[in-house]
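Per the numbering used here, the sequence shown starts with residue 283, numbered consecutively.
Single-structure report; data block below.
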Amino acid sequence: MKEDRGDQGENEMNSNGHSIRADLKAYLNYLKSIGMTELPFPLKQRDTHYETGHPISSQRIHESPLPYPSSTPPLEYERLQEIRKELGNCQRCKLSQTRRTIVFGEGNEQAQLMIIGEGPGFDEDVQGRPFVGKAGQLLTRILQSIHLQREMVYITNIIKCRPPQNRNPQPDEIEACYPFLRKQIEAIRPKVICALGTFAAQTLLRTDAKITSLRGKVYLFSNIRVFPTYHPAYLLRNPDKKREVWEDMKQIARALADDEG
Ligand code: SF4
Numbered sequence: 283m284k285e286d287r288g289d290q291g292e293n294e295m296n297s298n299g300h301s302i303r304a305d306l307k308a309y310l311n312y313l314k315s316i317g318m319t320e321l322p323f324p325l326k327q328r329d330t331h332y333e334t335g336h337p338i339s340s341q342r343i344h345e346s347p348l349p350y351p352s353s354t355p356p357l358e359y360e361r362l363q364e365i366r367k368e369l370g371n372c373q374r375c376k377l378s379q380t381r382r383t384i385v386f387g388e389g390n391e392q393a394q395l396m397i398i399g400e401g402p403g404f405d406e407d408v409q410g411r412p413f414v415g416k417a418g419q420l421l422t423r424i425l426q427s428i429h430l431q432r433e434m435v436y437i438t439n440i441i442k443c444r445p446p447q448n449r450n451p452q453p454d455e456i457e458a459c460y461p462f463l464r465k466q467i468e469a470i471r472p473k474v475i476c477a478l479g480t481f482a483a484q485t486l487l488r489t490d491a492k493i494t495s496l497r498g499k500v501y502l503f504s505n506i507r508v509f510p511t512y513h514p515a516y517l518l519r520n521p522d523k524k525r526e527v528w529e530d531m532k533q534i535a536r537a538l539a540d541d542e543g
């Protein structure tokens, strides 16, 4: 993809004094990183979103610690191990009858960013790891677009077992599994949560609203900032929504770089 300066000056600043060109370049890099080869809008179109946007500072985001380097596991690790032990060979809902593997979650136990999706799919059920299929690969690229490696975040789902034929999780299943998600969040205490898709957002925010109306705004869950956005599996079917996810990821990057909270 080639950048188009149009009739805008190279150093034009938006209302916040930031370079529009720098913002546009970051967005083009994001599109490239998630595999898009065409622009989702005409080249001459003025992008009003960037007029109020802030540039992403990758420096602060890089302060998210990588998995612990020493031989002493952190307390968060110990606590997650206890929660996993408590979950055991869980039979608390009917998904236990059809699942192959409980997909508890994985990643950096001291992560500043926690990613919460809907539930395991086929690949996850086989491997016992969250977000390892095509949607997971897209999630990895989306994270990289804001300078985060997968190992720097903690990834889990609202339900830990795959629903048959990947159907939507049912309310009784979500309620049965929710206490464990809550304990995982309490153990990690991330700075920011990204809720992927309708079910994750509705569960955390205790609302019936759809993801289309929830995304683009920030919410609080036990004083942790929550940013809902589209699920990567939805993005694979609706690539035109990648632009909105980019806006959400920029908000997340700003929240991670923020000293407060
Ligand atoms: S989805 Fe959660 S509550 Fe249901 S069986 Fe699996 S681990 Fe247990």
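Here a beta-carbon is modelled for each residue, glycine too, at the ideal position from N, C-alpha and C.
Figure out for me which residue from 491, 503, 485 and 454 has the closest Cα to the Cα of residue 473. Numbered from its first residue, the sequence shown carries residue 473 at position 191. Distance from the Cα of residue 473 is smallest, within the candidate group 491, 503, 485 and 454, for 503.
Residue from 491, 310 and 513 whose Cα sits closest to the Cα of residue 413: By one-based count along the sequence shown, residue 413 stands at place 131. For residue 413, the nearest C-alpha among the options comes from 513.
Within the present structure, is the beta-carbon of residue 362 separated from the nearest heavy atom of ligand 1 by less than 8 Å? On the sequence shown, position 80 is the one that residue 362 refers to. Because no heavy atom of ligand 1 lies under 8 Å away, the Cβ of residue 362 does not count as near it: no.
Could you name each continuous beta strand (DSSP E) segment of 3 residues or more that falls completely within the stretch 365–410, going from the start of the chain to the end? Counting only runs of 3 or more, we get 395–399.
Under DSSP, the beta strand (DSSP E) around residue 507 begins and ends at which residues? Translated into positions along the sequence shown, residue 507 becomes position 225. Per DSSP, the continuous beta strand (DSSP E) segment holding residue 507 begins and ends at 506–511.
Would you say the beta carbon of residue 477 is closer than 8 Å to some non-hydrogen atom of ligand 1? As a working mapping, residue 477 is identified with position 195 in the sequence shown. Look at residue 477: its beta carbon is at least 8 Å from all of the heavy atoms in ligand 1.
Taking 9 Å as the cut-off, decide whether the C-beta atoms of residue 388 and residue 358 are in contact. Numbered from its first residue, the sequence shown carries residue 388 at position 106. Numbered from its first residue, the sequence shown carries residue 358 at position 76. Cβ atoms of residue 388 and residue 358: not closer than 9 Å.
Using 8 Å as the cut-off, classify the Cβ of residue 357 as near or not near the heavy atoms of ligand 1, replying yes or no. Counting from 1 along the sequence shown, the entry for residue 357 is found at position 75. Residue 357: no, Cβ never under 8 Å from ligand 1.
Where does residue 527 sit, in a helix, a strand or coil, going by DSSP? Position 245 of the sequence shown, counted from the start, is the residue given in the question as residue 527. In the three-state scheme derived from DSSP, where H, G and I count as helix and E and B as strand, residue 527 is classed as helix.
Check this for me: beta carbons of residue 459 and residue 475, under 9 Å apart or not? Mapped onto the sequence shown, residue 459 falls at position 177. Mapped onto the sequence shown, residue 475 falls at position 193. The answer is no: Cβ separation not under 9 Å.
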